[in-house]
Amino acid sequence: MGITTTYKCDHCGDEQDTANQMWDVEVGINSVGSPRPTFLQSRQTVIWCRKCVEDVHLLKIPEHKPQRELPSKPTLESLVREIVEDAVNG
Numbered sequence: 295m296g297i298t299t300t301y302k303c304d305h306c307g308d309e310q311d312t313a314n315q316m317w318d319v320e321v322g323i324n325s326v327g328s329p330r331p332t333f334l335q336s337r338q339t340v341i342w343c344r345k346c347v348e349d350v351h352l353l354k355i356p357e358h359k360p361q362r363e364l365p366s367k368p369t370l371e372s373l374v375r376e377i378v379e380d381a382v383n384g
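Below you can see the structure in the form of structure tokens.
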């Protein structure tokens with residue numbers, strides 16, 4: 295008998311079998327001028343899917359930009375031919 299874990303987005307309800315595209319979203323509230331700024335009086339953590347995190351701009355995920363194609367490398371034969379032509383014509 296196996297165990298299956300399903301991850302559910304607390305924002306949209308989307309379900310996934312793996313946690314690799316799920317994010318812990320934590321919101322903390324603290325009073326202004328608190329002597330201990332790392333101490334949060336109230337804290338809530340939820341799990342959101344990647345789409346929800348991107349939709350509300352909580353995380354800037356860089357867009358994949360295809361790189362321009364590099365020119366092909368000349369063959370050894372074409373390099374030798376160019377050297378010979380330069381020697382004959384030059």
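Residues in the sequence shown are numbered from 295 upward in steps of one, following the numbering used here.
In this text, a Cβ means the ideal position worked out from N, Cα and C, and glycines have one as well.
What you are looking at is a predicted structure, and each value in this text was computed from that prediction instead of being measured.
Proximity below 8 Å, CB of residue i to CB of residue j
i: I341; j: D311; result: no
i: C343; j: D308; result: yes
i: R337; j: E320; result: yes
Inter-residue spacing [alpha-carbon to alpha-carbon] between residue i and residue j
i: I297; j: T339; result: 24 Å
i: N314; j: K367; result: 39 Å
i: G327; j: L353; result: 27 Å
i: V382; j: P365; result: 27 Å
Close-in-space but distant-in-sequence residues of the same chain around residue i (CB under 6 Å, 5 per side omitted)
i: K302; result: E309
Given residue i as reference, the closest of the options once Cα atoms are compared
i: D349; options: C306, M295, T300; result: C306
i: C346; options: R375, M316, E363; result: M316
i: T369; options: R362, I377, E363; result: I377
Residue i Cβ short of 7 Å to the ligand MN heavy atom set
i: R362; result: For the structure depicted, the ligand MN is absent and the ligand set is empty, with no information on it obtainable.
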